[in-house]
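*Asks:* In my numbering, the protein residues as written are 17 to 281. Okay, here's the structure, questions in a sec.
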Amino acid sequence: MNLPQSFPTFLKAIQQFEIGELSELVEGSKHLKSIMSGHLGYYAKLMPAIYILDYTQQKYTYASSNLNIFIDHPLSRFFDGGLDFAWSVFQKDDLNIYSQRVLPENLAFLKTKPISQHSDFLFTSNYRIRNRKGDYKQIRQQSTFIKSAQNGMPLATIGFLYDISAYTNSTKVVHTIEPIIYNRRDRGELLLNKVYFPYEQDGLLTVREIEVLKWICEGITSKQIADRLFISVNTINIHRRNILEKTNSNGLVDLIKYAISNGYL
Numbered sequence: 017m018n019l020p021q022s023f024p025t026f027l028k029a030i031q032q033f034e035i036g037e038l039s040e041l042v043e044g045s046k047h048l049k050s051i052m053s054g055h056l057g058y059y060a061k062l063m064p065a066i067y068i069l070d071y072t073q074q075k076y077t078y079a080s081s082n083l084n085i086f087i088d089h090p091l092s093r094f095f096d097g098g099l100d101f102a103w104s105v106f107q108k109d110d111l112n113i114y115s116q117r118v119l120p121e122n123l124a125f126l127k128t129k130p131i132s133q134h135s136d137f138l139f140t141s142n143y144r145i146r147n148r149k150g151d152y153k154q155i156r157q158q159s160t161f162i163k164s165a166q167n168g169m170p171l172a173t174i175g176f177l178y179d180i181s182a183y184t185n186s187t188k189v190v191h192t193i194e195p196i197i198y199n200r201r202d203r204g205e206l207l208l209n210k211v212y213f214p215y216e217q218d219g220l221l222t223v224r225e226i227e228v229l230k231w232i233c234e235g236i237t238s239k240q241i242a243d244r245l246f247i248s249v250n251t252i253n254i255h256r257r258n259i260l261e262k263t264n265s266n267g268l269v270d271l272i273k274y275a276i277s278n279g280y281l
């Protein structure tokens, strides 16, 4: 089966399925009750708003009462409008990133896991939404898929949102996947960690970053690079972090591959 490569093609691929009433699913499933209970505890300190989305109907079947603070509209608009309404307040460039990069990555990850484990992973990304005044809020979304078809396609999700506008004005989209570990306070090791840039120029390496990249690939330490450029080691470490982020690299091997493929080496 070819995996969908965008949100619209994903919705088309699962429209043939039915999951019934999600309220009945929640009430009738001890496993799902356990999931819900675990998630509520897991997110208690983090997430002030909760929703449940039925992809097959493109409708929200549950939303916590404070969600209207995020969408700056009555909850009735959220329930009546479904995904169409959600997309209407989504910043368009961020929506393209979510549709064409984040969701396909999530689907590809789920394809590698048994359906019984789909609810055991936490999917996180951020985006901007527009309020009625035309201003944008930075939102962080963390979600888990609570129902999947036999072919592995997710049919329903529970999501948790919080406003991070006070902490960042960056346009970059950070996308992570990690296991949910209920009996520990710390979080599991990231299974995916990628950064996407809605505006291409923001993801390009600067002249100085390219210079630093070449030296990193030669095995030169941050201290040695700093001495050559007459700047602080801290500044070099910031360059190094930005380079890793912009190239979606996990270490030296990835950086060397990137540098070679882009003609820097």
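Even for Gly, the Cβ is constructed at its ideal location relative to N, Cα and C.
Scan the region 49-129 and note each continuous beta strand (DSSP E) run of 3 residues or more that stays entirely inside, going in chain order.
*Replies:* Listed in chain order, they are 65-70, 75-79.
*Asks:* Would you kindly check if the distance between the Cβ of leucine 271 and the Cβ of leucine 229 is under 9 Å?
*Replies:* It is a contact, given that the beta carbons lie within the stated cut-off.
*Asks:* Check whether the region 183-195 and the region 141-154 touch, using three or more Cβ-Cβ pairs below 8 Å as the test.
*Replies:* A contact exists between the region 183-195 and the region 141-154.
*Asks:* Would you decide whether aspartate 218 is buried or exposed? Buried here means 16 or more other CB atoms lie within 10 Å of its CB.
*Replies:* With fewer than 16 other Cβ atoms within 10 Å, it is exposed.
*Asks:* Nearest CA to the CA of proline 64: which residue from Lys127, Ile180, Gln73?
*Replies:* Of the listed residues, the one whose Cα sits closest to proline 64 is Ile180.
*Asks:* If I'm right that valine 249 touches serine 238 with Cβ under 8 Å, what's the distance once you round it to whole angstroms?
*Replies:* Valine 249 to serine 238, Cβ: 5 Å. Contact.
*Asks:* Quick one: residues in its chain with C-beta nearer than 8 Å to the C-beta of glutamate 34, no 5 flanking neighbours on either side, listed in chain order?
*Replies:* Excluding sequence neighbours, glutamate 34 sits near Thr72.
*Asks:* Within a Cβ cutoff of 6 Å, which residues of the same chain sit near aspartate 96, ignoring the five residues on either side of it in sequence?
*Replies:* No residues qualify anywhere along the chain.
*Asks:* Between which two residues does the alpha helix (DSSP H) harbouring isoleucine 254 extend?
*Replies:* Segment 249-263, the alpha helix (DSSP H) holding isoleucine 254.
*Asks:* Pair every Cβ in the region 121-130 with every Cβ in the region 92-110, then say whether three or more of these pairs are closer than 8 Å.
*Replies:* No, the region 121-130 is not in contact with the region 92-110.
*Asks:* Applying the criterion that 16 or more other CB atoms from any shown protein chain within 10 Å of the CB defines a buried residue, is leucine 62 buried or exposed?
*Replies:* Confidence at leucine 62 is low in this model, with a pLDDT of 49, below 50, so its placement is unreliable and no value can be given for it.
*Asks:* Under DSSP, the beta strand (DSSP E) around tyrosine 153 begins and ends at which residues?
*Replies:* Checking the sequence shown, residue 153 turns out to be lysine, not tyrosine. First-last of the beta strand (DSSP E) with lysine 153: 152-164.
*Asks:* Measuring alpha carbon to alpha carbon, tell me which residue in Gln240, Leu221, Tyr212 is nearest asparagine 258.
*Replies:* Closest by alpha carbon: Leu221.
*Asks:* Terminal residues of the continuous beta strand (DSSP E) containing alanine 172?
*Replies:* Run containing alanine 172: 170-179, per the beta strand (DSSP E) assignment.
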